[in-house]
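Asks: Quick mapping for you: the protein sequence lines, in order, are chains A and B. To get this note's numbering, take the position in the first sequence, counting from 1, and add 3. To get this note's numbering, take the position in the second sequence, counting from 1, and add 3. Every residue gets a Cβ at the ideal spot worked out from N, C-alpha and C, and that includes glycine. One structure, as C-alpha cells, below. Some questions next.
2 protein chains.
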Amino acid sequence: MAIQQVQDDLLRKSYPLFEDNLVSEIEEQGEFKTFPANEVLMRKGQYIRSTMLVLSGLIKIYREDDEGNEFLMYYLRPGEACALSLVCAAKHEASPIMAKTVTETDVMMVPVDTMSEWMSKFKSWYQFVIETYRTRFDELLATLDNVAFRSMDERLEFYLKRAKEAQQTNLLNISHQEIANELNTSREVISRLLKKMEQKDMVKLNRNTIELKKF
Amino acid sequence: MAIQQVQDDLLRKSYPLFEDNLVSEIEEQGEFKTFPANEVLMRKGQYIRSTMLVLSGLIKIYREDDEGNEFLMYYLRPGEACALSLVCAAKHEASPIMAKTVTETDVMMVPVDTMSEWMSKFKSWYQFVIETYRTRFDELLATLDNVAFRSMDERLEFYLKRAKEAQQTNLLNISHQEIANELNTSREVISRLLKKMEQKDMVKLNRNTIELKKF
DNA sequence: ACCGAACGGTGATTCAAATCACATAGCAGT
DNA sequence: ACTGCTATGTGATTTGAATCACCGTTCGGT
C-alpha cells in the first residue's frame, strides 16, 4: 500500500469527525512524522510553528519551571491535540510546556497560519478545537486538584491509574525516579509509598516495572 | 435614560468586538442581573443552564473538593466569561467550581442552547470563546505552577499581586482567614507570613485591610 | 565473568507547614 | 460603657515530606 494511503487511514481513523475536505487539506499542508519512544518533541521556551495531531502512540505533556522542576500535566492519545499548542500557535508565544513521547508515535504537523483559516472554513475543525480545549481543561483541573488537595500517597494512586488508562496495560515500565520527577517529589518518597502499596497487595514491584493489581 | 440603553452601553463597552447583530441577540435572549458583593453565584455540583458575561464588577472563581476545601483559581472581570461555564453548558454537566462576587456585579445570563447557535452564526462569538479558553488556560497554568512549585511565602506574594491587579487598588479589604481559605492553608500560617512581610516593609496591616507597599 | 551505572531499600535528620492552645485587640450592637 | 463576636498574634507541638547518607541489587556492555 502507498505510504500516503497508510497516513490517510491513520488520520481518518483517529479523527473520524473531520470532513473529507479538511482531511485533504491536512494531508496537503501537514507534514507526517514518526518519533521513537522517549523523545522530547518540544522544550519549554521553544517557539511553536505548528500543532501536532496525534495519529498513533502516546505523548506526555509536562510543565517545567525555571529551576528544572517538572510535573506531568496529562497524556495525549491518538485523536487528540495539545490545547497549549493551539494557544501558543495562535499567539506566536514560547511554549510553556515540554512534550515527550512514551512509545513510538506518529503525528501530523500542521502549520499555524493554515489552522486559523480552517477555523472559519471547516465546522468540524473548530468543533475539534473547542472539544480539545474542553477536555484539556478538565484534565488540567484534575491534575490541579491532586496537587492542591491530596497527599502524596493519594497523588501516587491517581498517577498510576492515569498511567494505566493511557497506556492500556497493568504492567508499567517505569522507574521510581521517573515517577518522582513527574510528581515533583523525590525518589525515596515514591519508593517508600510503593513499598507500602505492595504490602497492601495493591501492586507488585520489580526492577523497572510496576504491576497494578487493585486498580 | 432607559434601562435597556444602560445595559446596551455596558455590553458594548465590555465586549467591543461583538457584532451588532450579536449584541442584539444577547439583549433579546439574555437576562440582565445584578448581584451584591460577596454573593455566591454558583455552587459546586449545580447544573449550569447559562453562561455569565460579566458587564461590571468582579467575580472570583474557586475550585472546591468534597471535604469543603477550596482555593482561588482566578478572577473574572468585565469583558470576560468563565471557560468552565462554556464547557459545562455545552456538556450539560455539573459545575466543578464555585463563583462568588467580590463587589457588586452586573452580568448578562445567556442560555446554553442559544450559545451553540452563535458559534456558527457569529464569527466574533467563537473568537470570543476561543480567546476565553486561551486566557483561562493561561491563568489556570499560573495557579498550578504556584501550587506545584512554590512555597507558601511565594504563593502569598503572588496572591496579593493578583488581588491588587484584579481590584485595581493597593488597599485590600480582606481577612487573614479568607486568604488562608483561598490558598488552602491555615490562618496562622498567613498571619505569620504577613507579619514577616510587614517587618520587611512590604505591607501595612490593619484589621480587615492590607495595604500593599512594594508591589 | 567482571565492571560500572542505574535502580531500589531504608534509617536518620531536617524542614516547612499544619495543628493545637491560648492571649489580646478592635469593632458592633445595646 | 459593657458584652460578645470576629480578627489577629504567637509559642509549642506534630506531621508529612524532603534531604542526607549509605547500602545492596540488577542489568547491560565488554
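Using only alpha-carbon positions, find the residue among 50(A), 37(A) and 82(A) that is nearest to residue 19(A).
Replies: The residue with the shortest Cα to Cα distance from residue 19(A) is 82(A).
Asks: Would you check if the distance between the CB atom of residue 197(A) and the CB atom of residue 208(A) is smaller than 7 angstroms?
Replies: Yes, the Cβ-Cβ distance between residue 197(A) and residue 208(A) is below 7 angstroms.
Asks: Just to confirm before moving on: does the CB-CB distance between residue 111(B) and residue 159(B) stay below 7 angstroms?
Replies: Against a cut-off of 7 angstroms, the Cβ pair of residue 159(B) and residue 111(B) comes out as no contact.
Asks: DSSP on residue 146(A), reduced to helix/strand/coil?
Replies: DSSP places residue 146(A) in helix when its eight states are reduced to three.
Asks: What's the gap between the Cα of residue 68(B) and the Cα of residue 157(A)?
Replies: The straight-line gap from Cα to Cα measures roughly 14 angstroms.
Asks: So what does residue 66(A) bridge to, in DSSP terms?
Replies: Answer is 74(A) and 100(A), bridged to residue 66(A).
Asks: According to DSSP, simplified to helix, strand and coil, what is residue 84(A)?
Replies: Strand at residue 84(A).
Asks: With a threshold of 8 angstroms on Cβ separation, who are the neighbours of residue 186(B) within its own chain once the five nearest residues in sequence on each side are excluded?
Replies: Only 74, 75, 155, 158, 159, 162 and 193 meet the Cβ criterion.
Asks: In angstroms with no decimal places, state the Cα-to-Cα distance between residue 34(A) and residue 123(B).
Replies: Looking at the two C-alpha atoms, the distance is approximately 29 angstroms.
Asks: What separation, rounded to the nearest whole angstrom, lies between the Cα atoms of residue 109(A) and residue 80(A)?
Replies: Each residue's alpha carbon lies about 11 angstroms from the other.
Asks: For residue 213(B), does the three-state DSSP call read helix, strand or coil?
Replies: Reduced to three states, the DSSP call for residue 213(B) is strand.
Asks: How would you label residue 6(A), buried or exposed, when you count the other beta carbons within 10 angstroms and need 16 or more for buried?
Replies: Exposed, by the Cβ-count rule.
Asks: Under a three-way DSSP split, which group does residue 136(B) fall into?
Replies: Here residue 136(B) sits in helix by DSSP.
Asks: Mind pulling the chain A residues with CB within less than 7 angstroms of residue 129(B)?
Replies: By Cβ distance, chain A contributes 129.
Asks: Does the beta carbon of residue 46(B) come closer than 7 angstroms to any beta carbon on chain A?
Replies: Cβ-Cβ to chain A under 7 angstroms: no for residue 46(B).
Asks: Please decide whether residue 21(A) counts as near chain B, where near means a Cβ-Cβ distance under 7 angstroms.
Replies: With 7 angstroms as the cut-off, residue 21(A) does not count as an interface residue toward chain B.
Asks: Who are residue 109(B)'s beta bridge partners in DSSP?
Replies: Answer is 37(B) and 59(B).
Asks: Rounding to the nearest angstrom, what Cα-Cα distance links residue 176(A) and residue 129(A) in this structure?
Replies: Each residue's alpha carbon lies about 37 angstroms from the other.
Asks: Which residues in the same chain as residue 114(A) place their Cβ atom closer than 7 angstroms to its Cβ, once the five residues preceding and following it in sequence are excluded?
Replies: Here the set comprises 32, 52 and 53.
Asks: By alpha-carbon positions, which one of 171(B), 14(B), 144(B) and 140(B) ends up nearest to residue 86(B)?
Replies: The shortest C-alpha separation from residue 86(B) is found at 140(B).
Asks: Where does the unbroken beta strand (DSSP E) through residue 205(B) begin, and where does it stop?
Replies: Taken as a continuous stretch (DSSP letters only), residue 205(B) belongs to no beta strand (DSSP E), as it is neither H nor E.
Asks: Within 8 angstroms, do at least three Cβ pairs link the region 91-106 of chain B to the region 137-153 of chain B?
Replies: No: fewer than three Cβ pairs fall under 8 angstroms.
Asks: Look up residue 184(A) in the DSSP assignment and say whether it is helix, strand or coil.
Replies: Residue 184(A) falls in the helix class under three-state DSSP.
Asks: At a Cβ cut of 8 angstroms, what residues of the region 128-147 of chain B count as close to chain A, listed as they run along the chain?
Replies: Against chain A - using a Cβ distance shorter than 8 angstroms - the residues of the region 128-147 of chain B are 129, 132, 133, 136, 137, 139, 140, 141, 143, 144, 146 and 147.
Asks: Please list the residues of the region 146-178 of chain A that have a C-beta atom closer than 9 angstroms to any C-beta atom in chain B, keeping them in chain order.
Replies: For the region 146-178 of chain A, which is checked against every Cβ of chain B, the residues closer than 9 angstroms are 146, 147, 148, 150, 151, 152 and 153.
Asks: On the DSSP bridge list, what partners appear for residue 26(B)?
Replies: DSSP output for residue 26(B) lists no bridge partner at all.
Asks: Taking beta-carbon pairs under 8 angstroms, can you tell me which members of the region 49-69 of chain B lie near chain A?
Replies: Listed in sequence order: 66 and 68.
Asks: Compare the C-beta of residue 125(B) with all C-beta atoms of chain A and state if any pair is closer than 7 angstroms.
Replies: Cβ-Cβ to chain A under 7 angstroms: no for residue 125(B).
Asks: Looking at C-alpha atoms only, which residue of 17(B), 13(B), 29(B) and 211(B) is the closest neighbour of residue 125(B)?
Replies: Of the candidates 17(B), 13(B), 29(B) and 211(B), the one whose C-alpha sits nearest the C-alpha of residue 125(B) is 29(B).
Asks: Just to confirm, is the Cβ distance from residue 180(B) to residue 195(B) under 7 angstroms?
Replies: The answer is no: Cβ separation not under 7 angstroms.
Asks: Roughly how many angstroms separate the alpha carbons of residue 174(A) and residue 210(A), rounded to a whole number?
Replies: Their Cα atoms are separated by approximately 12 angstroms.
Asks: Compare the C-beta of residue 187(A) against all C-beta atoms of chain B and say whether one is closer than 7 angstroms.
Replies: With 7 angstroms as the cut-off, residue 187(A) counts as an interface residue toward chain B.
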